[in-house]
Amino acid sequence: MALTDAHQDVDPQYVRFTDLHRWITELDGFDDDPEKSNEKILEAIQAAWIEDADY
């Protein structure tokens with residue numbers, strides 16, 4: 033997962049959604065509308081990141 037690669041020193045369980053949103057929009061290849069983000073989407077991304085990072 034790109035977030036795991038970009039933020040290896042971060043425990044995704046403790047990431048604020050404001051930071052998560054910014055980090056996602058800064059990823060190479062991000063081409064969606066950042067304004068369409070919401071808490072449900074960010075929670076799903078965070079859960080996938082936690083699973084990928086195996087914390």
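According to the numbering used here, the sequence shown is numbered sequentially starting from 33. In this text, a Cβ means the ideal position worked out from N, Cα and C, and glycines have one as well.
For T50, tell me which candidate among E83, Q78, A85 has the shortest Cα-Cα distance. Q78
Just the C-alpha distance for D63 and E71, rounded to the nearest angstrom, thanks. Note on geometry: alpha-carbon atoms of D63 and E71 lie some 19 Å from one another.
Reducing DSSP to helix, strand and coil, say where F62 ends up. coil
Hey, would you say A85 sits closer than 8 Å to L59, going by beta carbons? Annotated as distal: A85 and L59, with beta-carbon spacing of 8 Å or more.
First and last residue of the uninterrupted alpha helix (DSSP H) at E75: DSSP places E75 in the uninterrupted alpha helix (DSSP H) bounded by 71 to 85.
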